[in-house]
Amino acid sequence: MTVRIATWNINSVTARLPKLLEWLEGARPDVLCLQELKCSTDAFPYNAVAELGYETAAHGTGRWNGVAIVSRLGLEDVVRDLPDQPGFLADDAMLPVVEPRAIGATCGPLRVWSVYVPNGREVGHAHYGYKLQWLETLRDTVREDAAAARPFAVLGDYNIAPTDEDVYDLAAFEGQTHVTEPERAALAALRETGLQDVMPRPLKYDRPYTYWDYRQLCFPKNRGMRIDLTYGNKAFADAVTDAYVDREARKGKGTSDHAPVVTDLDL
DNA sequence: ATGCCGCCAGTTTGGCGA
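So, in structure tokens, the structure goes:
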């Protein structure tokens with residue numbers, strides 16, 4: 246069977262609902278992993294998506310974060326949060342908060358996680374340590390599925406550019422998060438479980454960026470980064486027939502600052 | 001043309017994003 250799976254940081258599913266529906270109708274993915282819902286689990290637009298033939302498992306608390314898996318191949322064994330997922334201790338908080346950044350499900354032949362890796366804010370910030378700790382927990386979580394025969398993938402906004410080629414200008418990121426050695430080492434450790442970085446085609450220019458800042462004409466100037474990734478195990482990677490970044494979805498007003506990343510499989 | 005930041009909750013300004 247052929248399966249189309251995608252990941253998209255949608256930057257508010259409520260603000261982006263018309264764009265989401267338009268994109269689902271056009272691209273017709275079988276499975277879509279979403280990040281940055283910015284709504285509660287209850288507030289997800291389940292019915293609008295269901296009218297297009299999709300079921301949704303969502304996990305959100307409101308203002309920030311939030312992840313979902315939208316599927317027309319079924320949704321089984323849904324897991325919210327990574328087992329032992331670390332929380333973030335904000336400056337003004339008494340206790341760390343476990344944020345809605347991960348949801349897993351089985352969609353027909355595929356086991357999938359949709360993840361929104363912490364941003365890190367600044368090198369040395371508590372959020373940066375949290376990011377690295379979160380990635381270690383992700384590695385522990387996926388170890389078994391990554392080594393298994395069933396097709397498995399972790400898709401999402403990793404908030405890391407895996408190589409120097411994945412940013413438009415390395416000098417612009419000197420000393421910044423997203424390009425540091427410890428972040429890239431955490432990604433390498435994740436790959437060591439048996440996951441491969443499924444590289445999408447760019448539909449224009451030479452690099453498959455997935456994010457362009459809203460400011461300073463970054464999209465028209467193609468000042469982007471590749472930070473939305475599809476990490477698949479061997480069974481998944483061997484089945485890939487095509488992958489691309491749908492930059493059309495980044496054009497115009499009212500779009501997310503990220504583009505969907507689409508992967509086609511023949512399973 | 002792809003065009004100069006946008007989302008949310010709400011102290012309608014500030015936190016967050018990457």
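Residue numbering for the first sequence follows the numbering used here, beginning at 246 and increasing consecutively. Positions of the beta carbon are idealized from the N, C-alpha and C atoms, including for glycine.
Residue environment, residue i, which counts as buried when at least 16 other CB atoms sit within 10 Å
i: Thr247; result: exposed
i: Pro445; result: buried
i: Ala295; result: exposed
i: Glu217; result: What the structure shows of the chain is the stretch from 246 to 512, and residue 217 is not part of that stretch, so it cannot be assessed.
i: Asp473; result: buried
i: Ala482; result: buried
i: Arg492; result: buried
i: Pro336; result: The identity of residue 336 in the sequence shown is Asp, whereas the question assumes Pro. Asp336 is exposed by the Cβ-count criterion.
i: Leu440; result: buried
i: Thr408; result: exposed
i: Gly401; result: buried
i: Leu512; result: exposed
i: Thr301; result: buried
i: Glu428; result: buried
i: Arg273; result: exposed
i: His370; result: exposed
i: Leu432; result: buried
i: Ala251; result: buried
For residue i, the three-state DSSP class (helix, strand or coil)
i: Glu321; result: strand
i: Tyr291; result: helix
i: Glu270; result: helix
i: Phe333; result: strand
i: Thr286; result: helix
i: Glu493; result: helix
i: Ala371; result: helix
i: Leu474; result: strand
i: Val482; result: Before going on, a small fix: residue 482 reads as Ala here, not Val. Residue state, collapsed to three classes: helix.
i: Leu340; result: coil
i: Leu513; result: Residue 513 is absent from the structure shown; the chain starts at 246 and stops at 512.
i: Leu262; result: helix
i: Ala504; result: coil
i: Leu297; result: coil
i: Tyr459; result: coil
i: Trp253; result: strand
i: Leu510; result: strand
i: Leu327; result: coil
i: Val362; result: coil
Among the options, nearest to residue i - alpha-carbon criterion
i: Tyr454; options: Glu426, Asn404 and Leu435; result: Asn404
i: Val323; options: Ile314, Glu493, Ala338 and Gly439; result: Ile314
i: Pro465; options: Asp473, Asp483, Ala484 and Arg495; result: Arg495
i: Gly499; options: Arg384, Ala260, Trp253 and Ala434; result: Ala260
i: Thr438; options: Val399, Asp458, Glu419 and Asp409; result: Val399
i: Pro290; options: Phe397, His503 and Val258; result: Val258
i: Asn254; options: Leu262, Trp268, Gly271 and Glu281; result: Glu281
i: Thr286; options: Glu410, Thr351 and Val312; result: Val312
i: Pro505; options: Arg471, Ala430 and Leu512; result: Arg471
i: Cys352; options: Thr486, Gln461, Ala488 and Arg249; result: Arg249
i: Asp442; options: His372, Thr475 and Asp411; result: Thr475
i: Gly307; options: Leu320, Glu389, Arg452 and Asn256; result: Asn256
i: Val424; options: Leu334, Leu448 and Glu410; result: Glu410
i: Arg436; options: Arg452, Arg388 and Phe333; result: Arg388
Residues near residue i in its chain [Cβ-Cβ closer than 7 Å; skip 5 each side]
i: Ala394; result: Ala480
i: Trp309; result: Lys283
i: Leu327; result: Ala347, Thr382, Leu383 and Thr386
i: Tyr459; result: Asp502
i: Ala484; result: Pro396, Leu510, Asp511 and Leu512
Same chain, Cβ closer than 8 Å to residue i, five either side skipped, listed in chain order
i: Pro331; result: Pro341, Val343, Tyr375, Gln378, Trp379 and Thr382
i: Ala392; result: Thr438, Gly439 and Asn478
i: Asp414; result: Arg468
Close beta carbons around residue i, own chain, < 6 Å, minus the five adjacent residues each side
i: Asn364; result: Asn404
i: Ala325; result: According to the sequence shown, residue 325 is Arg rather than Ala. If we look at Arg325 and ignore the five residues flanking it on each side, its Cβ neighbours are His304 and Ile348.
i: Glu321; result: Thr351
i: Trp457; result: Cys463, Phe464 and Gly469
i: Ala488; result: Val443, Pro445 and Thr508
### Task
Please list the segments of the alpha helix (DSSP H) lying wholly inside the stretch 373–454, counting only runs of 4 or more residues, in order along the chain.
Taken in chain order, the unbroken stretches of alpha helix (DSSP H) that lie wholly in the stretch 373–454 and span 4 residues or more are 426–436.
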